[in-house]
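Residue numbers (this note's numbering), protein chains in the order written: chain A, 11 to 209; chain B, 11 to 209.
Ideal Cβ placement from N, Cα and C applies to all residues, glycine included.
Here the structure is laid out as structure tokens; the discussion comes afterwards.
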DNA sequence: GTCGCAATGTAAGCGATGCTTACAAAAGGA
DNA sequence: TCCTTTTGTAAGCATCGCTTACATTGCGAC
């Protein structure tokens, strides 16, 4: 799985991001150990610190990857949709798809002390911002009559509905008797419906 | 701050839960260190393990406390309301109040590997369940005509809206240009409105 | 080409964490 | 009063993030 491998690794930085992504997809942010990554890449435990000031900086890079992927999913959804209303629906669905399709990465993107930190890297901030703007544009396009405040209100409350559902499901809060006669697929459609409802 | 203090502490278990609660309110779940708690209570680092099998079991007890508090807040809100519709609104508001008033405790309650764990203590599971039922009852009472599936749909999507907003705010996702002309108070009312909207 | 510097890697160790094991003290019932 | 159970302690293991001092190497200036 590795070539030659002299004293220098070649591209340890990229390798670390890749390995961290894999670890995160498997077990979420807390499953990423710098020591493990270093060992699996055949490198000393101090080597990662040549490329990242600390652990969170590496995680932030992975999270940025996730936001870029989300933004691209938004773009695809909007390009493929027949009209603005459908585009909004598919944008919301893309959010759910990323969250449930790659839960570890999704948890990394919202890991709390990554984006909302004084030392958050610019790559993460801009990626997160672009993803937000992809969502925002879809809401604005679907309701051309709405003013700025109204669009933001709808974008934020809709995002809240999507995000809350994901967090509750992933936290195991919606199980058994709580959902009783409803399947997860039905719930997902209900959430999508509420997300799109402009109250 | 302590009396006599012989070899035995007196009620170390309760003291640990109290200290953990205080630490959690200050800095969330990850700010709770068993060693710190033990030291602050003047006890050895191994002593806590006489009362809790591991760290998560202690955190679970604190989370259970939070759910009991939430359930009581629900009960108060519903008792004070003039009608079922208002009761539902105040129930939702109670959720927001707990979340924003005691963010550390709230984060503990939804700390991911506490409720949704094979070894979750019964005290936590029942407390979480009762809180859910408090919310569920408010939704059912507000719409007497709705069938079981519809009530659950509304309860879950409404809860998602509330919860998602809280998580996004606490994660620092709604800052600056994202909310631009809206204040947090306005957003909170918008979220409340969307929560109550039966789509 | 070669020489020197900046970039990148290593070895060793610090301090903190959760948790375990073997032992000591004390509380409380027979 | 004794003896069992409960509750505490001391010491130490493994892991983690991170730091420091040093080793190696690639690469650009001459």
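*Nearest to residue 103 (chain A) by CA position, among A:59, A:95 and A:87, is which residue?*
The residue from A:59, A:95 and A:87 with its alpha-carbon nearest to that of residue 103 (chain A) is A:87.
*Have a look at residue 35 (chain B) and residue 120 (chain B) and give me their C-alpha separation to the nearest angstrom.*
13 Å
*Quick one: Cα of residue 58 (chain B) to Cα of residue 164 (chain A), how far?*
48 Å
_Do residue 70 (chain A) and residue 124 (chain A) count as a contact pair if the criterion is CB distance below 7 Å?_
yes
_For residue 208 (chain B) and residue 187 (chain B), what's the separation of their Cα atoms in angstroms?_
30 Å
*asked:* DSSP three-state label for residue 161 (chain A), please.
replied: helix
*asked:* So for residue 173 (chain A), helix, strand or coil by DSSP?
replied: Correct three-state label for residue 173 (chain A): helix.
_Please list, in chain order, the chain B residues whose beta carbon lies closer than 9 Å to that of residue 190 (chain A)._
For residue 190 (chain A), the chain B residues whose C-beta falls within less than 9 Å of its own C-beta are 158, 159 and 162, listed in chain order.
*asked:* residue 175 (chain B) and residue 170 (chain A) - do their beta-carbons sit closer together than 7 Å?
replied: yes
_Reference residue 126 (chain B); option with closest CA among B:195, B:66 and B:46_ = B:66
_Within 7 Å, strictly: CB atoms of residue 77 (chain A) and residue 138 (chain A)_ = yes
*Residue nearest to residue 31 (chain A) in terms of C-alpha spacing, selected from A:18, A:99, A:56 and A:46*: A:46
*Is the CB-CB distance between residue 115 (chain B) and residue 80 (chain B) below 7 Å?*
no
*Roughly how many angstroms lie between the CA atoms of residue 72 (chain B) and residue 21 (chain A), to the nearest whole one?*
45 Å
*asked:* On the CB-based measure, 16 or more other CB atoms within 10 Å of its CB, does residue 18 (chain B) come out buried or exposed?
replied: exposed
*Verify whether the separation of the beta carbon atoms of residue 179 (chain A) and residue 167 (chain B) is less than 7 Å.*
no
*Comparing the C-beta of residue 170 (chain A) with each C-beta of chain B, is any distance below 7 Å?*
yes
*Residues in the segment 181-205 of chain B with C-beta within 9 Å of chain A's C-beta atoms, listed in sequence order?*
181, 182, 183, 184, 185, 187, 188, 189, 190, 191, 192, 196, 197, 200, 201, 203, 204 and 205
*How would you call residue 24 (chain B), buried or exposed, if buried means at least 16 neighbouring beta carbons within 10 angstroms?*
exposed
*Start-to-end residues for the alpha helix (DSSP H) that takes in residue 50 (chain A)*: 44-50
*Go to residue 119 (chain B), then tell me how far its alpha helix (DSSP H) extends in each direction, as first and last residue.*
Note, residue 119 (chain B): alpha helix (DSSP H), 113-119.
*Taking only runs of the alpha helix (DSSP H) that begin and end inside the segment 72-145 of chain B, which ones reach a length of at least 4 residues, in chain order?*
As far as the segment 72-145 of chain B is concerned, its whole alpha helix (DSSP H) runs of at least 4 residues are 94-111 and 113-119.
*Under 9 Å between beta-carbons, which chain B residues line up against residue 166 (chain A)? List them in chain order, please.*
175, 178, 184, 188, 189, 192, 197, 200 and 201
_Outcome for residue 39 (chain A) when other beta-carbon atoms lying within 10 angstroms are tallied against a minimum of 16_ = Residue 39 (chain A) should be labelled buried.
*Taking any Cβ of chain B, which residues in the segment 106-122 of chain A have a Cβ under 9 Å from it, in chain order?*
117, 120, 121 and 122
_Would residue 181 (chain B) and residue 122 (chain A) be called neighbours here (beta carbons separated by less than 7 Å)?_
yes
_Neighbour-count burial assignment, residue 158 (chain A), 16 or more Cβ in a 10 Å radius_ = exposed
*Taking 7 Å as the CB-CB cut-off, is residue 126 (chain A) touching chain B?*
yes
*Return helix, strand or coil for residue 16 (chain A), following the three-state DSSP convention.*
coil
_Residue of A:100, A:160 and A:184 minimising C-alpha distance to residue 83 (chain A)_ = A:100
*asked:* Given a cut-off of 7 Å on the beta-carbon distance, is the pair residue 94 (chain A) and residue 132 (chain A) in contact?
replied: no
*With a CB to CB cut of under 7 Å and the five nearest residues on each side skipped, what residues in its chain are close to residue 113 (chain B)?*
180
_C-alpha distance - residue 98 (chain B) paired with residue 206 (chain A), whole-angstrom precision_ = 22 Å
_Inter-residue spacing [alpha-carbon to alpha-carbon] between residue 85 (chain A) and residue 155 (chain A)_ = When rounded, the distance between both Cα atoms is 22 Å.
*Could you check the C-alpha separation between residue 117 (chain B) and residue 172 (chain B) for me, to the nearest Å?*
Roughly 14 Å between the two C-alpha positions.
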